[in-house]
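Taken in order, these protein sequences are the chains called L and Z. Following my numbering, the numbering of the first sequence begins with 1 at its first residue and continues without gaps. Following my numbering, the numbering of the second sequence begins with 1 at its first residue and continues without gaps. By construction, the Cβ of each residue, glycine as well, lies at the ideal position given by its N, Cα and C atoms. Just so we're clear, the structure is a prediction, and the values are computed from it rather than from any experiment. What follows is a single structure, written as C-alpha cells, with notes after it.
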Amino acid sequence: NAGVTQTPKFRILKIGQSMTLQCTQDMNHNYMYWYRQDPGMGLKLIYYSVGAGITDKGEVPNGYNVSRSTTEDFPLRLELAAPSQTSVYFCASSPITWVGNTIYFGEGSWLTVV
Amino acid sequence: RKEVEQDPGPFNVPEGATVAFNCTYSNSASQSFFWYRQDCRKEPKLLMSVYSSGNEDGRFTAQLNRASQYISLLIRDSKLSDSATYLCVVGRNYGQNFVFGPGTRLSVLP
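Structure follows, in C-alpha cells:
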C-alpha cells in the first residue's frame, strides 16, 4: 500500500542551490498538494493541483514552482534556496471532494538550508 | 479571522481524564469535516470524519453543529498514546478543497 511517496526524506542544501522534491501517488487521485510546516506551527499550503496540467498557488508560493504532467506525479521545485525555506514539506493527495473523502499525506521531506 | 480556528492549547491532562477540543469554521459552504492526528515529526493522519448526527469511535466522539459552525472532539479515558496534535479540517468542493486549523497539542501525563 504505497499511497503518497515523497523523496528525498532528508536533504541539506546550501544557500542559492536548487532542488526538486519528488511526490508520486498511486491512488489515481485528481487533487495533489504541497504543504510546508515549520517547527511548532501549522500546515501552510504552497501549491495545489486539481488535475494533470493544472496548478494553482496556495498561501505561501514564493520561492517554489510546481508542475503536474501526469496524474501520479507532482514535483516541487525550490529555486535559489534560502534559510527561510528550512522546513518539513508534506505532499498530499485527495480524490474529488465528495462527502466522506479525505486527504492523504506522504511521510514528509525534511529540508535544511545552510 | 482564519477560516478554521481551534483551541490554542496545549492541553496537559492526566491519564484517564476526559478532554474536549473545540473548532470553529467561518465558511458556511463547507461540506465535510474531519479530525486529524499528527504525532511529532510525522505526517497528519485521519482520526475520524465528523457527521451532522455526531459519531463515536471507541473513546473518541465527534460532533458537528452546522448552525453554529462548530466542531468538537471528545476523548474519554485518555491514554499516554493519545499525546499528539489534533487538527480540525474542513472540506469544500472548490479551490484547495481542505482547510486545516492550526492544531491543538495534547500531552497525556502519567
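Bounds of any beta strand (DSSP E) do not take in E15(Z), whose DSSP letter is neither H nor E.
The continuous stretches of beta strand (DSSP E) do not include K79(Z), and DSSP gives it neither H nor E. Secondary structure in the region 23-108 of chain Z: the beta strand (DSSP E) runs of 3 residues or longer, each lying completely within the stretch, are 32-38, 45-50, 55-57, 60-65, 70-75, 84-91, 98-100 in chain order. For the region 78-92 of chain L, the set of positions with a beta-carbon nearer than 9 Å to some beta-carbon of chain Z reads V88, F90, A92 in chain order. When Cβ-Cβ separations below 8 Å define contact, P102(Z) makes contact with chain L. In this structure, P95(L) keeps its C-beta atom at 8 Å or more from the C-beta atom of I15(L). F10(L) is outside the set of residues whose beta carbon lies under 8 Å from a beta carbon in chain Z. With a threshold of 8 Å between beta carbons, Q96(Z) makes contact with chain L.
T102(L) belongs to the set of residues whose beta carbon lies under 8 Å from a beta carbon in chain Z.
A residue is called buried when at least 16 other Cβ atoms come within 10 angstroms of its Cβ; C23(Z) meets this threshold and is buried.
The continuous beta strand (DSSP E) containing R11(L) extends over residues 10-13.
Look at S84(L) here: in three-state DSSP terms it is helix. In the DSSP assignment, K57(L) is bridged to Y47(L). Distance from the CA atom of V66(L) to the CA atom of C23(L), rounded to whole angstroms, is 11 Å.
Taking 7 Å as the cut-off between beta carbons, the residues of the region 49-83 of chain L near chain Z are G58, in sequence order. Between the alpha carbons of D57(Z) and Q63(Z) lies a gap of roughly 12 Å.
Identification of chain Z residues near G108(L) by a Cβ-Cβ cut-off of 7 Å yields E43, ordered along the chain.
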